[in-house]
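Peer 1: Residue numbers (the working numbering): 130 to 311.
Ideal Cβ placement from N, Cα and C applies to all residues, glycine included.
Only a predicted model underlies this, so the values are computations on that prediction, with no experimental measurement involved.
Here's what the structure looks like:
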């Protein structure tokens, strides 16, 4: 059995030799040169390739945290006390461009006598302004250039005057912030 396997192996090698180099006329024959592909695999090979990297303008803005402001007190002889929350929400931004700003607006205004102001923490080099929000977009941060910052502060202040009616669990409005060209 073992000698049969050995005969098959020798026979297979002989067939492979004949397929590559032709029939044997003598054992002293010099084999032909190796095919080109085999020669290249033995030597050094250098390849070149063009690689293009294209960077587009990036403008990303995100907000973390919802805010619930409750006006519950007043100083006698004055209107209700304003309530501020500067700890619940933060924002992050990334831009690889210059001359950007953040604008803000409400989806609808609060009831008569109620207002909401917003002050955003400024990213490096930016200028911030507190604004009373409405359905008209207002500049909140200007002068944003090449910035990637996270955890920037959002400070909301709710105000009510004496004409503001009690509203139970409150009025929810959506604040929209947009990062855009100055």
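Below 6 Å CB to CB, which residues in the same chain sit around residue 208 once its five sequence neighbours on both sides are set aside?
Peer 2: 290, 291
Peer 1: Note down, in chain order, each residue of its chain lying with its Cβ closer than 6 Å to the Cβ of residue 231, except the 5 sequence neighbours on either side.
Peer 2: Within the same chain, 269, 270, 306, 308 come within 6 Å of residue 231 by CB-CB distance, once the 5 residues on both sides are set aside.
Peer 1: Measuring only the C-alpha atoms, how far is residue 180 from residue 245?
Peer 2: 51 Å
Peer 1: Which same chain residues, not among the five before or five after residue 259, have their C-beta less than 6 Å away from its C-beta?
Peer 2: 246, 248
Peer 1: Tell me which same chain residues have a C-beta within less than 7 Å of the C-beta of residue 264, skipping the five on either side of it?
Peer 2: 234, 235, 237, 238
Peer 1: Which residue or residues does DSSP assign as beta-bridge partners of residue 174?
Peer 2: Looking at the DSSP assignment, residue 174 forms no beta bridge with any residue, so it has no partner.
Peer 1: Is residue 289 helix, strand or coil when you go by DSSP?
Peer 2: Here residue 289 sits in strand by DSSP.
Peer 1: Restricting to Cα atoms, I'd like to know which of 299, 225, 311, 257 is closest to residue 277.
Peer 2: Nearest Cα to residue 277 within the set 299, 225, 311, 257: 225.
Peer 1: Is there at least one non-hydrogen atom of the ligand MG closer than 7 Å to the beta-carbon of residue 230?
Peer 2: For the structure depicted, the ligand MG is absent and the ligand set is empty, with no information on it obtainable.
Peer 1: Between 210, 218, 175, 189, which lies nearest to residue 285 when the distance is taken from Cα to Cα?
Peer 2: 218
Peer 1: Under the rule that 16 or more other beta-carbon atoms within 10 Å means buried, what is residue 281, buried or exposed?
Peer 2: buried
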